[in-house]
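Trainee: Following this message is one structure expressed as structure tokens.
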Amino acid sequence: MKRNLGVTLAGVALILTLGACSSTPPVAEIPEAISSASTAADHQRIADYFAKKAVSYETEAKQHEKMVASYSGRPRGDAGLWAAHCSNLKTKLKEAAQEARALEKGHRDLAESLGK
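The sequence shown lines up with residues -28 to -1, 1 to 88 when you count with mature numbering (1 follows the signal peptide of the UniProt record, and there is no 0).
Written out as structure tokens, the structure reads:
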């Protein structure tokens, strides 16, 4: 039991350490980070934010894709409407992920041009 607790505590410590080292600004700081970005490091932080947003959008799109399949064959309710809702969200989330990737690339390019 002590060994499992030690492994668990070590894992938690690692997660907290990695979280503390994250260069991604919180969402509330993004507008200010964008308007004041002037260094390569600033643009890298913004790029990291958009990279994480893209992954989040892609993950949510996959969930909505699964929900579309879950609604098919439902005998009650308006499954067609519900499935269409999830299908539309899936499409929009995939588009948002592509846009986030483009923003990420733009900020990485700016960072590179500023000489990291």
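The C-beta atom is built at its ideal place from N, Cα and C for all residues, glycine as well.
Kindly indicate which residue of A9, T11, E30 and E84 has the alpha-carbon position closest to the one of A72.
Mentor: E30
Trainee: Thinking C-beta only, is A83 closer than 8 Å to A19?
Mentor: yes
Trainee: Per DSSP, what kind of secondary structure is R73 in: helix, strand or coil?
Mentor: helix
Trainee: Contact criterion: CB-CB distance below 8 Å. Does R46 meet it with respect to chain D?
Mentor: Here chain D cannot be found, since the structure has a single protein chain.
Trainee: Rank R46, E37 and V27 by C-alpha distance to the C-alpha of A68 and give the top, closest one.
Mentor: V27
Trainee: Are the Cβ atoms of V40 and S10 separated by less than 8 Å?
Mentor: no
Trainee: Quick one: grab the DSSP three-state call for R46.
Mentor: In the structure shown, R46 adopts coil according to DSSP, grouped into three states.
Trainee: Assuming K62 contacts A33 under a Cβ cut-off of 8 Å, what Cβ separation, rounded to an integer in Å, is found between them?
Mentor: 5 Å
Trainee: Applying the criterion that 16 or more other CB atoms from any shown protein chain within 10 Å of the CB defines a buried residue, is L53 buried or exposed?
Mentor: exposed
Trainee: Quick one: Cα of S8 to Cα of G45, how far?
Mentor: 52 Å
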